[in-house]
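If you read the protein sequences in the order shown, they are chains A and B.
Heads up: the first sequence runs through residues 611 to 930, numbered per this note's numbering.
Heads up: the second sequence runs through residues 409 to 633, numbered per this note's numbering.
We treat Cβ as the ideally placed atom computed from N, Cα and C, and that holds for glycine.
Notes follow the structure.
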Amino acid sequence: MALQGLLSLTEVPLERVGDHLGVVYRGNVKRRVKLVVGGGSGHEPLFLGVAGPGMADGAVNGLVFAAPNPDSILAVIEETGASDGTVLVYGNYSGDVLNFGVAAEEANEKGIKLAEIRVHDDIASAPPGKIEDRRGIAGDLFVFKAVAAAADQQLAFEEVVRIGEKANLHTRSLGVASKAATTIDTGEPMFSLPEGEIEVGMGLHGEMGVRRSGYEPAEVLVPRMMGMLFDDYAASGLPLRRVGAMINGLGSTTVLELLLIAGHVKEALAKGSIDAPFLVAGQFATSLNMTGFSISLIALEEELEPMITAPAASFGFVKL
Amino acid sequence: MPIGRIQKLDLKLGEHKLDIEQTRILLTKALRYLADGADYLNELDRAIGDGDHGTTIARGAKFVIRDLETAQPSNVNEVFVLVGKGMMKSMGGASGILYDVFFRAAQDAPAITQLDCRTLTELFTFGLRDLKLKTKAEVGDKTMVDALVPALSALDQAATDSLSAALNVAAAAADKGARATVGLVPKFGRAKTLGERAIAAQDPGATSIALLFRGLAGAVTETDY
Numbered sequence: 611m612a613l614q615g616l617l618s619l620t621e622v623p624l625e626r627v628g629d630h631l632g633v634v635y636r637g638n639v640k641r642r643v644k645l646v647v648g649g650g651s652g653h654e655p656l657f658l659g660v661a662g663p664g665m666a667d668g669a670v671n672g673l674v675f676a677a678p679n680p681d682s683i684l685a686v687i688e689e690t691g692a693s694d695g696t697v698l699v700y701g702n703y704s705g706d707v708l709n710f711g712v713a714a715e716e717a718n719e720k721g722i723k724l725a726e727i728r729v730h731d732d733i734a735s736a737p738p739g740k741i742e743d744r745r746g747i748a749g750d751l752f753v754f755k756a757v758a759a760a761a762d763q764q765l766a767f768e769e770v771v772r773i774g775e776k777a778n779l780h781t782r783s784l785g786v787a788s789k790a791a792t793t794i795d796t797g798e799p800m801f802s803l804p805e806g807e808i809e810v811g812m813g814l815h816g817e818m819g820v821r822r823s824g825y826e827p828a829e830v831l832v833p834r835m836m837g838m839l840f841d842d843y844a845a846s847g848l849p850l851r852r853v854g855a856m857i858n859g860l861g862s863t864t865v866l867e868l869l870l871i872a873g874h875v876k877e878a879l880a881k882g883s884i885d886a887p888f889l890v891a892g893q894f895a896t897s898l899n900m901t902g903f904s905i906s907l908i909a910l911e912e913e914l915e916p917m918i919t920a921p922a923a924s925f926g927f928v929k930l
Numbered sequence: 409m410p411i412g413r414i415q416k417l418d419l420k421l422g423e424h425k426l427d428i429e430q431t432r433i434l435l436t437k438a439l440r441y442l443a444d445g446a447d448y449l450n451e452l453d454r455a456i457g458d459g460d461h462g463t464t465i466a467r468g469a470k471f472v473i474r475d476l477e478t479a480q481p482s483n484v485n486e487v488f489v490l491v492g493k494g495m496m497k498s499m500g501g502a503s504g505i506l507y508d509v510f511f512r513a514a515q516d517a518p519a520i521t522q523l524d525c526r527t528l529t530e531l532f533t534f535g536l537r538d539l540k541l542k543t544k545a546e547v548g549d550k551t552m553v554d555a556l557v558p559a560l561s562a563l564d565q566a567a568t569d570s571l572s573a574a575l576n577v578a579a580a581a582a583d584k585g586a587r588a589t590v591g592l593v594p595k596f597g598r599a600k601t602l603g604e605r606a607i608a609a610q611d612p613g614a615t616s617i618a619l620l621f622r623g624l625a626g627a628v629t630e631t632d633y
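In structure tokens form, the structure reads like this:
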């Protein structure tokens, strides 16, 4: 029924693909390369809600916190009907890697040109030396955005893929939670977190973060998180002069709090003499009703900046 | 481990061989047993994942059970393939596709119309091979493979023609393998991110494999499971 609701919305017309939890947006008519994104449900507005102009051409969801199956993924790929190849972008999780991988194999057998980009932005999930082991969280949006904009510029398939991979390598995120999401089957919290403690390095599935620490006010916590992100860029040898920044609520964080965090993010960037030509706050990649937030940055070197700041519209993400 | 009663199959072909129809019933019974373990698997998954492995497995098992009711497989391999496809479609996530890979590999094995200890071992060996190829997981990585490898080598080494005896040995080995995941650092899946924090947990994936083998054993054994 939530899918029915999404299809009823008037601003971005989407079409359902068969009986799958998949949609296509047919309006990006100039594109030769199409973008298909996907992952589990429970992260709304991801993934079905980011199909639209300047965004994805196809999106496919699994059930709550479970990757979509290969049949659904393949159906959406076929429905987008790219003339010069499809770029599949999804978060780097075992389930997604396996299911998208099988769908990609089947698409290849059918002669569909295809590339996969696994978003790996969460710095808490593996050290800088093992960036490809990291999981994907809200930084997904930056990679979607870059691929979509490159496709809109009618770049060749290899170029679109290269820009998407570059966006992926330039994106870093870190999340914290103060309250776990509720398991929808049982109503129980997915993990227990004592009052007054926060979980640092949250994934997007209600799974525990990588460590726990005491409660800190935003004016202490946000600069500390920004410091961790800056250090991670430094460890990868990526200079930070201009960035795109996204403050993302995990489901139950108030808009007032997100704005407060955005203020602290902007301040931390200013202290580091870093410009942010793109800075947004909202709920982009949630984890059901988890209380918490993540901060995502993308280092905007010359080529990436116009991709991130290009206009886009969708239920889940708008860039004027 | 959850305990349930499985009505033993009426082994028309004797103790050692099942025909296509009996294979269908064997897998139905085993999947029902697996579905009954949902709460237990969820509980294990809450410690290490997102707490839904049991729910997911039960959804897959029940979907396949319904699918098998109307299916008209022309050989034993097709029954296994149907199990894999059904689980993939209805479960999604990592476990759906992994069960699919494991069961669907039967389509690459020589077609058989009778299931016995040897042919079952062969079908599952194809499954394990594909699963390892797809995931690169090995014993000790805290995955399904930790239960599958000992179960299959027990099946392989069971010097008996009795399907019941062999499956009971395999189920015990799978159970032992699943329990041995306590103390291991996960190398795959979402649990991997937890690293050392996940050491104390028993792997839900290995445990669901152990339940599957207990279900298979129970379906051909005169006892309670």
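Original post:
Distance, Cα to Cα, A/Pro887 vs A/Ala920?
Top reply: 12 angstroms
**OP:** Measuring only between beta-carbons, confirm whether A/Phe675 sits less than 8 angstroms from chain B.
**Re:** yes
Original post:
Which residues in the same chain have their Cβ closer than 8 angstroms to the Cβ of B/Gly504, if we skip the five residues on either side of it in sequence?
Top reply: Thr464, Gly468, Met495, Met496, Lys497, Ser498
Original post:
Among residues of its own chain, excluding the 5 on either side of A/Gly637, which ones have a beta-carbon nearer than 7 angstroms to its beta-carbon?
Top reply: Pro663
Subject >> Endpoints, alpha helix (DSSP H) assigned at A/Ala608 >> reply: Outside the shown range of chain A, which is 611 to 930, sits residue 608 of chain A, and nothing can be said about it.
Subject >> Spatial distance of A/Arg822 from B/Ala545 (CA atoms) >> reply: Looking at the backbone, the Cα of A/Arg822 and that of B/Ala545 are separated by about 29 angstroms.
Subject >> Inter-stretch contact at 8 angstroms, needing at least 3 Cβ pairs: the region 631-649 of chain A / the region 659-674 of chain A >> reply: In short, these stretches touch, since the Cβ pair count reaches three.
Original post:
Do the CB positions of A/Leu656 and A/Gly695 come within less than 8 angstroms of each other?
Top reply: no
**OP:** Less than 8 angstroms between the CB atoms is what I'm expecting for A/Thr896 and A/Gly854, so what's the real figure, rounded?
**Re:** No, A/Thr896 and A/Gly854 are not in contact; Cβ-Cβ is about 20 angstroms, not under 8 angstroms.
Original post:
Taking any Cβ of chain A, which residues in the region 531-564 of chain B have a Cβ under 8 angstroms from it, in chain order?
Top reply: Going along the region 531-564 of chain B in chain order, one finds Lys542, Thr543 with a Cβ nearer than 8 angstroms to chain A.
**OP:** Could you tell me which chain B residues have their CB closer than 9 angstroms to the CB of A/Gly679, listed as they occur along the chain?
**Re:** Reading off the sequence shown, one finds Asn at residue 679 of chain A, where the question assumed Gly. Close partners of A/Asn679 in chain B (Cβ separation under 9 angstroms): Met496, Lys497, Ser498, Met499, Gly500, Gly501, Gly504, Ile505, Asp508.
**OP:** Please name the residues in the region 470-486 of chain B whose beta-carbon is closer than 7 angstroms to at least one beta-carbon of chain A, in chain order.
**Re:** none
Subject >> 7 angstroms CB neighbourhood of B/Ala446 in its chain, flanking five on each side removed >> reply: Gly462, Thr463, Ile465, Ala466
**OP:** Name, going along the chain, the residues of the region 587-599 of chain B whose beta-carbon falls closer than 9 angstroms to a beta-carbon of chain A.
**Re:** Phe596, Gly597, Arg598, Ala599
Original post:
Which whole-angstrom value is the C-beta distance of A/Val707 and A/Arg728, which I expect to be below 8 angstroms?
Top reply: With a beta-carbon spacing of about 6 angstroms, A/Val707 and A/Arg728 fall inside the 8 angstroms limit used to define contacts.
**OP:** Would you identify the three-state DSSP class for A/Pro887, choosing helix, strand or coil?
**Re:** strand
Original post:
So, does the CB of B/Asp524 fall closer than 8 angstroms to a CB anywhere in chain A?
Top reply: no
Original post:
If you run the structure through DSSP and keep just helix, strand and coil, what is B/Ala519?
Top reply: coil
Original post:
CB-CB under 7 angstroms to B/Ala455, same chain, minus the five flanking residues each way: which ones, in chain order?
Top reply: A distance below 7 angstroms between beta-carbons, with the five flanking residues on each side excluded, links B/Ala455 to the following residues of its chain, in chain order: Ala609.
Original post:
Which residues, in chain order, does the region 431-445 of chain B contribute to contact with chain A at a C-beta distance below 8 angstroms?
Top reply: none
Original post:
Between which two residues does the alpha helix (DSSP H) harbouring B/Met495 extend?
Top reply: 484-499
Subject >> Under 8 angstroms between C-beta atoms of A/Gly811 and A/Gly785 >> reply: yes
Original post:
Taking just the CA atoms, how far does B/Ile428 sit from B/Pro481?
Top reply: 7 angstroms
Original post:
Any C-beta of chain B sitting closer than 8 angstroms to the C-beta of A/Val786?
Top reply: no
Subject >> Cβ distance (whole Å) where A/Leu684 is taken to contact A/Ala717 below 8 angstroms >> reply: 6 angstroms
Subject >> Cross-chain neighbours of A/Ser823 in chain B, by beta carbon under 9 angstroms >> reply: Simply none; closest approach about 14 angstroms.
Original post:
Short check: CB of A/Gly947 to CB of A/Leu850, under 8 angstroms?
Top reply: In this structure chain A extends from 611 to 930, so residue 947 of chain A is not present and cannot be described.
Original post:
Which runs of the alpha helix (DSSP H) fall wholly inside the region 513-575 of chain B and span at least 4 residues, in chain order?
Top reply: 525-543, 553-565
**OP:** Quick one: list the residues of chain A neighbouring B/Thr464, beta-carbon separation under 7 angstroms, in chain order.
**Re:** Correct list: Ala676.
Original post:
At what residues does the alpha helix (DSSP H) containing B/Glu431 begin and finish?
Top reply: The sequence shown places Thr at residue 431 of chain B, rather than the Glu named in the question. Here the alpha helix (DSSP H) through B/Thr431 covers 428-444.
**OP:** Measure the alpha-carbon distance for B/Val553 versus B/Ala517 and round it to whole angstroms.
**Re:** Taking the Cα positions, B/Val553 is about 20 angstroms away from B/Ala517.
Subject >> For B/Leu426 and B/Val487, the rounded distance between their alpha carbons >> reply: 12 angstroms
Original post:
For A/Pro799, which option in A/Asp681, A/Glu719, A/Leu898 has the closest C-alpha, if you only look at C-alpha atoms?
Top reply: A/Leu898
Subject >> Contact list for the region 704-734 of chain A against chain B, Cβ threshold 9 angstroms >> reply: Ser704, Gly705, Asp706, Val707, Leu708, Asn709, Gly711, Val712, Asp732, Ala734
Original post:
Among A/Ser904, A/Met900, A/Ala880, which has the Cα closest to the Cα of A/Gly797?
Top reply: A/Met900
Subject >> Ordered list of alpha helix (DSSP H) runs contained in the region 844-902 of chain A, each at least 4 residues >> reply: For the alpha helix (DSSP H) assignment, the uninterrupted runs of no fewer than 4 residues enclosed by the region 844-902 of chain A are, from N- to C-terminal side, 865-881.
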